[in-house]
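Structure first, then comments.
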Amino acid sequence: MSEGAKQPISVLVVIHTPGLDVLVMERAGGTGLWQSVTGSREGDEVPVATALREVAEETGIIATGDDLIDWRLSNRFLILPRWRQRYAPGVTHNTEHLFSLCLPAPVAPSLAPDEHTAACWLPWQEAAERVFSWTNRDAIRLLARRFSPAA
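Throughout the sequence shown, residue numbering follows numbering that gives the first Met the number 0, covering 0 to 150 in sequence.
Put into structure tokens, the structure is as follows:
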């Protein structure tokens, strides 16, 4: 792997409340792209360590491994061409591991301005419609099916 290149192994962490309000954040760069917490593995991190680090870096929320649900699901997807330069030459796909984090109530995240410029809590249906990634949309819907009898 090239020095400084991102690893094509990442996490997606859907942060939500018991009432299934979901935290979504707008990516920096004026793109209008909304998402849950995401991020690539660093070094030899196991996925849960990546998830905890990314939650802290992107939101300021400090959680423990016991706070996370590891869905034991992963998605492999094509890395969009606009982001491939972040990876080693020839890397075209990423494997993303799914986690969720339930908070008792919405909290205002401390955003990393180089990563996100806005955040909001939305009902799960609206959050699923707002996020740009199909893996994020499907994860929110899966969360709702598991925790909401009306979903």
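By construction, the Cβ of each residue, glycine as well, lies at the ideal position given by its N, Cα and C atoms.
**OP:** Give every residue of the same chain whose Cβ lies closer than 6 Å to the Cβ of Ile14, excluding the five residues on either side of it in the sequence, and list them in chain order.
**Re:** Residue 14 sits at position 15 when you count from the first residue of the sequence shown. These residues qualify, in order along the chain: Leu22, Leu100.
Original post:
Would you report the Cα separation of Glu114 and Glu25, rounded to the nearest angstrom?
Top reply: Within the sequence shown, numbered from 1, the residue matching residue 114 stands at position 115. Within the sequence shown, numbered from 1, the residue matching residue 25 stands at position 26. Whole-angstrom Cα-Cα distance: 8 Å.
**OP:** Using a threshold of 7 Å, state whether the C-beta atoms of Ser73 and Thr94 are closer than that.
**Re:** Numbered from 1 along the sequence shown, position 74 holds the residue referred to as residue 73. Numbered from 1 along the sequence shown, position 95 holds the residue referred to as residue 94. Yes; because the gap between Cβ atoms is below 7 Å, this pair is in contact.
**OP:** Using alpha carbons as the reference points, say which of Gln34, Glu41, Gly28, His96 lies closest to Pro112.
**Re:** Here residue 112 is taken as the residue at index 113 of the sequence shown, counted from 1. Comparing Cα positions, the closest option is Gly28.
Original post:
Who pairs with Glu25 in a beta bridge, going by DSSP?
Top reply: One-based indexing of the sequence shown puts residue 25 at position 26. According to DSSP, which records beta bridges pairwise, Glu25 is partnered with Trp33, Ala117.
Original post:
Going by the beta-carbon positions, is the gap between Ala126 and Arg140 smaller than 7 Å?
Top reply: Your numbering for residue 126 matches position 127 in the sequence shown. Your numbering for residue 140 matches position 141 in the sequence shown. It is not a contact, given that the beta carbons lie outside the stated cut-off.
**OP:** Quick one: using the 10 Å Cβ neighbour count with 16 as the cut-off for buried, is Glu53 buried or exposed?
**Re:** Translated into positions along the sequence shown, residue 53 becomes position 54. The residue is buried, with at least 16 neighbouring Cβ atoms inside 10 Å.
Subject >> C-beta contact flag for Val47 and Gly64 at 7 Å >> reply: For this step, residue 47 is matched to residue 48 along the sequence shown. For this step, residue 64 is matched to residue 65 along the sequence shown. For Val47 and Gly64, yes; Cβs fall inside 7 Å.
**OP:** Would you kindly work out how many angstroms separate the C-alpha atoms of Ile78 and Asp137, rounded to a whole number?
**Re:** In the sequence shown, counting from the first residue as 1, residue 78 sits at position 79. In the sequence shown, counting from the first residue as 1, residue 137 sits at position 138. Rounded to whole angstroms, Ile78 to Asp137 spans 17 Å at the Cα level.
Original post:
Near Ser9, what residues of its chain come up, given a Cβ to Cβ distance below 8 Å and the 5 sequence neighbours on each side ignored?
Top reply: Position 10 of the sequence shown, counting from 1, holds the residue named residue 9. Excluding positions up to five away in sequence, the list reads Thr37, Gly38, Ser39, Arg40, Thr49, Asn93, Thr94, Glu95, His96.
Original post:
Which residues in the same chain as Thr16 place their Cβ atom closer than 8 Å to its Cβ, once the five residues preceding and following it in sequence are excluded?
Top reply: For this step, residue 16 is matched to residue 17 along the sequence shown. Result list for Thr16: Cys101, Leu102, Pro103, Ala104, Pro105, Trp120, in chain order.
Original post:
Should Ser35 be labelled buried (16 or more other beta-carbon atoms within 10 Å of its own) or exposed?
Top reply: Within the sequence shown, numbered from 1, the residue matching residue 35 stands at position 36. With 16 or more other Cβ atoms within 10 Å, it is buried.
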